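Numbering (this note's numbering), first residue to last: -4 to 240.
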Ligand SMILES: O=C(O)CCC(=O)C(=O)O
C-alpha cells in the first residue's frame, strides 16, 4: 500500500487520486513517487530539526523583531532592516486593479537578469552564505547545480500561492525544481491540468525537501492553499536552473 510506505517517515502523505508507484531514493532519505508525466522526490525530514530552525532564524533575521515567536501578521514590516534576505511583497495587476501578493518573496541567483513569472518581475540578489550552503546540500542529492532560488515567506496560514506551474521559458523544457520548507507545515497540492479530480497532497513539513522532475510542470499544476488555522510562518525556497539567454 502506498500510504504504508510513508508511515515510517512520520509523514501523513495522502495521495487522493490514483495509486502511483513509490520507491526509495538511492540516498536513503526519502521516496520517489512516479506520477503520470512526472516524478516527485519527497524527503519529509531532509534537514534535521535544529538545522531547519537555525536556517529559518537566519533567513528571517532583521533589526526589529525576533526571528522566531513574532506574530508577523500584525508586525510592521515597512522599512524593516532585513539582514539576510530582502523580503518584499510584490504587487500584480488583477482585473485592472493592483493587488499585493498574499506572501513575501525574494529572488537570489547567479546573474543580474530580472526574472518574470505570473506577471511579477523579481530582481536577483547575490547568493549569500546560508543559500549557498542549502544549494550545495541539494546538489549532493539531485546532481544539479542550481543557479537561482525563489524564496516565498508565508507569514501565517492566510498567506498562500494559487494554482500555477513553473513552466516559464527560462526554466527550460523539463525543469527540475527543488523545494525546501522551514517552519509551519503547509498542504502542498498538485492537480492534473486535464483532470482536476486527479490530485496529490503532500504535507510540506519543517526541514522537508520536495523535488519535482520530468514533464510534471507541463501536465500538473501546484498550489499551497490558505489554511486559516495555521498561525505561524513558513519559508519555502524553490531552487531552479535558469537559462538567462
Ligand atoms: O511554497 C511552496 O511550497 C510552493 C512555492 C511555489 O509553488 C513556487 O514558488 O512556485
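Think of the CB as a built atom: it goes at the ideal place given N, C-alpha and C, for glycine as much as any other residue. No experiment lies behind these values; they were computed from the predicted model shown.
query                                                                                    : result
beta-carbon residue 63 near ligand 1 non-hydrogen atom, thresh 6 Å                       : no
Pair within 7 Å by beta-carbon distance, residue 203 and residue 176                     : yes
Under the three-state DSSP convention, the category residue 86 falls into                : strand
Near ligand 1: residue 233 beta-carbon under 6 Å from a heavy atom                       : yes
Pairwise C-alpha distance: residue 166 and residue 158                                   : 18 Å
Alpha-carbon spacing of residue 156 relative to residue 22, whole angstroms              : 30 Å
Secondary structure of residue 165, DSSP reduced to three states                         : helix
Residue 132 versus residue 31 - alpha carbon distance                                    : 28 Å
Rounded separation between residue 28 and residue 223 - CA only                          : 29 Å
Simplified DSSP state of residue 242, which is helix, strand or coil                     : Coverage of the chain is limited to positions -4 through 240, which leaves residue 242 absent and any answer about it impossible.
Reduced DSSP secondary structure (H/G/I, E/B, other) of residue 150                      : coil
Alpha-carbon spacing of residue 170 relative to residue 209, whole angstroms             : 7 Å
For residue 68, the three-state DSSP class (helix, strand or coil)                       : coil
Ligand 1 heavy atom lying under 6 Å from the CB of residue 219                           : yes
Residue 50 - containing alpha helix (DSSP H), residue span                               : 44 to 54
Opposing strand residues paired with residue 36 [DSSP bridges]                           : 27 and 206
Three-state class that DSSP yields for residue 158 in the structure shown                : strand
Rounded C-alpha distance that separates residue 89 from residue 112                      : 14 Å
Per DSSP, the bridge partner or partners of residue 132                                  : DSSP lists no partner for residue 132.
Three-state secondary structure assigned by DSSP to residue 96                           : coil
Three-pair Cβ contact test at 8 Å for the region 134 to 150 versus the region 219 to 234 : yes
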